[in-house]
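Asks:
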Amino acid sequence: MFSQVVQQDIQEIHSAFLHSKKVRLLVQRENLNDPYCMGNKWWKLRYNLIEAIREKHNKVLTFGGAFSNHIVATASACNRMGLKSIGIIRGDSTDKLNPSLIRAQNDGMELFFVDRQIYRNKSNIDWKSIYGDHYLIPEGGTNELAVSSCEEMISFKEFDMVCVPVGTGGTLSGIIRSLKPSQHAIGFSSLKGGGFLNDEVKKYVDHSNWSIQFDYHFGGYAKINLELLSFMNEFKRDFSIQLDPVYTAKMFYGIFDMIKNEQIRSNSTILAVHTGGTQGIEGMNQRIQSKEWKID
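Residues in the sequence shown are numbered from 1 upward in steps of one, following our numbering.
Pasting the structure below:
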């Protein structure tokens, strides 16, 4: 499934607001590259799974939360490449009823639930002594192989700045490596208290033409409010692009807000990377239905 790189379409967003601000907004539709190993997850897993096979492993072990895009993507990719997969899931087994974990199980992933204390200590645990030989991929999929792959994600080069959501920093790091000195990358953190992400990115890049925005997390990872929900639904209605509530909705909200506040200057061309994640919408709708909210 990783034998050929298919560059995704670039879609321009047309609106009276953008026209009035003299800003071009282009979207690289990585959400269209694969239904389950979607978006940046395809790129981050590509070289890792090729390496797992090269090293003659038959099993992959990784980590994630109950609604993790990375867990779903890893299960799907391993299934298609003939690899077994194990997911160490933060939380209790009641979460196994959610659509994301059901999908991962359907793709053959064995799920093991651990409490938050054990999960925080996961880097100090000898997982091979518990689950046998395996190829280990970190939470979120970020490592040098993932960053190297993401370096190849952007083939379109005619922009002033590129915007990307940030969870662990791997996708942003790879994109920064691919930029011209005159171009700038802006990451939009989905995490509350995500200041540590600057140091995570600096592990992989020594460039200075990048920054991370921390003002658009909407309360933290996987948090959503009615304002963000309304923005998502209006964005889909106006531009026929489905956003996800954890990453891309927060990024696009931030882009429009920065344009409105003139933090992004006029006569700029922005490339925004849609990193996928829409598989999580069904699970989010289950979580918010008690409030009578719904992502369209």
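The C-beta atom is built at its ideal place from N, Cα and C for all residues, glycine as well.
1) Could you spell out the range, first to last residue, of the beta strand (DSSP E) harbouring residue 161?
2) Select from 203, 84 and 155 the residue whose C-alpha is nearest the C-alpha of residue 168.
3) Measuring alpha carbon to alpha carbon, tell me which of 177, 183, 139 and 217 ends up nearest residue 299.
4) With which residues is residue 268 paired in a DSSP beta bridge?
5) Rounded to whole angstroms, what is the Cα-Cα separation between residue 103 and residue 262?
6) Once the 5 residues before and after residue 211 are set aside, which same chain residues still bring their CB inside 7 Å of it?
7) Is DSSP giving residue 256 helix, strand or coil here?
8) Given that a residue counts as buried once 16 or more other Cβ atoms are within 10 Å of its Cβ, and exposed if not, what is residue 244?
9) Apart from the five residues on each side of it in sequence, which residues of its chain come closer than 7 Å, Cβ to Cβ, to residue 119?
10) For residue 188 and residue 216, what's the separation of their Cα atoms in angstroms?
11) How about the segment 108 to 117 and the segment 21 to 36: do they share at least three Cβ pairs that are nearer than 8 Å?
12) Could you tell me which of 7, 146, 213 and 65 sits nearest to residue 222, measuring between CA atoms?
13) Whether or not the segment 281 to 296 and the segment 71 to 89 are in contact is what I'm after, with contact meaning three or more pairs of Cβ atoms, one per stretch, closer than 8 Å; do they touch?
14) Could you pull the start and end residues of the alpha helix (DSSP H) that residue 201 belongs to?
15) Among the candidates 247, 214, 182 and 98, whose CA atom is the shortest distance from the CA of residue 196?
16) Give, in chain order, every unbroken run of the beta strand (DSSP E) that is at least 3 residues long and sits entirely within the segment 27 to 69.
17) Quick one: Cα of residue 147 to Cα of residue 9, how far?
18) Pairing CB atoms from the segment 237 to 257 with CB atoms from the segment 265 to 279, are three or more of them under 8 Å?
19) In this structure, what does DSSP give as the bridge partners for residue 88?
20) Is it buried or exposed, residue 17, if we count other Cβ atoms within 10 angstroms and call 16 or more buried?
21) Quick check on the burial criterion: 16 or more other C-beta atoms within 10 angstroms. Buried or exposed for residue 151?
22) Would the beta-carbon of residue 250 fall within 8 Å of that of residue 228?
23) Name the one or two DSSP bridge partners that residue 12 has.
24) Assign residue 6 to buried or exposed, taking buried as 16 or more other Cβ atoms, counted over all protein chains shown, within 10 Å of its Cβ.
25) Which of the three DSSP states, helix, strand or coil, is assigned to residue 213?
26) Is residue 141 helix, strand or coil by DSSP?
27) On a Cα-Cα basis, can you pick out the residue from 108, 291, 158 and 85 that is closest to residue 131?
28) Mind checking which residues open and close the beta strand (DSSP E) that includes residue 190?
29) Residues in the same chain with beta-carbon distance under 6 Å from residue 149, minus the five sequence neighbours each way, listed in chain order, please.
30) Please check the pair residue 271 and residue 162, which I expect to be a contact at CB under 8 Å, by giving their CB distance rounded to whole angstroms.
31) Is residue 135 helix, strand or coil when you go by DSSP?
32) Check for me: the alpha helix (DSSP H) holding residue 284 runs from which residue to which?
Replies: Inspection of the coordinates gives the following:
1) By 1-based counting over the sequence shown, the position of residue 161 is 161. Note, residue 161: beta strand (DSSP E), 161 to 166.
2) Residue numbering aside, residue 168 sits at position 168 when the sequence shown is read from its first letter. Nearest of 203, 84 and 155 to residue 168, Cα basis: 203.
3) Nothing can be reported for residue 299, as the shown portion of the chain is limited to 1 through 296.
4) Along the sequence shown, one-based indexing puts residue 268 at 268. In DSSP, residue 268 forms a bridge with 23.
5) Here residue 103 is taken as the residue at index 103 of the sequence shown, counted from 1. Here residue 262 is taken as the residue at index 262 of the sequence shown, counted from 1. When rounded, the distance between both Cα atoms is 42 Å.
6) As a working mapping, residue 211 is identified with position 211 in the sequence shown. 186, listed in sequence order.
7) For the purposes of this step, residue 256 is identified with residue 256 of the sequence shown, where counting begins at 1. Looking at residue 256 - three-state DSSP - the assignment turns out to be helix.
8) In the sequence shown, counting from the first residue as 1, residue 244 sits at position 244. Buried, since its Cβ has 16 or more Cβ neighbours within 10 Å.
9) If you number the sequence shown from 1, residue 119 lands on position 119. Here the set comprises 90.
10) Translated into positions along the sequence shown, residue 188 becomes position 188. Translated into positions along the sequence shown, residue 216 becomes position 216. Roughly 7 Å between the two C-alpha positions.
11) no
12) Numbered from 1 along the sequence shown, position 222 holds the residue referred to as residue 222. Comparing Cα positions, the closest option is 65.
13) no
14) Residue numbering aside, residue 201 sits at position 201 when the sequence shown is read from its first letter. Where residue 201 is concerned, the enclosing alpha helix (DSSP H) stretches over 197 to 202.
15) Working through the sequence shown from its first residue, we reach residue 196 at position 196. Nearest C-alpha to residue 196: 214.
16) 59 to 64
17) The residue given as residue 147 occupies position 147 in the sequence shown. The residue given as residue 9 occupies position 9 in the sequence shown. Using only the alpha carbons, I get a separation of about 22 Å.
18) yes
19) Position 88 of the sequence shown holds residue 88. Answer is 63 and 112.
20) Position 17 of the sequence shown holds residue 17. Answer is exposed; the Cβ neighbour count stays below 16.
21) Position 151 of the sequence shown, counting from 1, holds the residue named residue 151. Buried: at least 16 other Cβ atoms inside 10 Å.
22) The sequence position of residue 250 within the sequence shown is 250, counting from 1. The sequence position of residue 228 within the sequence shown is 228, counting from 1. In contact: residue 250 and residue 228 (Cβ atoms closer than 8 Å).
23) Position 12 of the sequence shown, counted from the start, is the residue given in the question as residue 12. Residue 12 is bridged to 26.
24) For this step, residue 6 is matched to residue 6 along the sequence shown. Label assigned to residue 6: exposed.
25) Reading the sequence shown from its first residue, position 213 is the one you call residue 213. Strand, per DSSP.
26) Translated into the one-based positions of the sequence shown, residue 141 becomes position 141. Here residue 141 sits in helix by DSSP.
27) Working through the sequence shown from its first residue, we reach residue 131 at position 131. Residue 131 has its Cα closest to that of 85, out of 108, 291, 158 and 85.
28) Counting from one through the sequence shown, the residue named residue 190 turns up at place 190. Looking at the DSSP string, residue 190 is not in any beta strand (DSSP E), and its letter there is neither H nor E.
29) The residue you call residue 149 lines up with position 149 of the sequence shown. The answer, listed in chain order, is 43, 46 and 47.
30) Mapped onto the sequence shown, residue 271 falls at position 271. Mapped onto the sequence shown, residue 162 falls at position 162. Right, their Cβ atoms sit about 5 Å apart.
31) Indexing the sequence shown from 1 puts residue 135 at position 135. In the structure shown, residue 135 sits in a strand (DSSP, three-state: E or B).
32) Residue 284 sits at position 284 when you count from the first residue of the sequence shown. Taken as a continuous stretch (DSSP letters only), the alpha helix (DSSP H) holding residue 284 covers 281 to 288.
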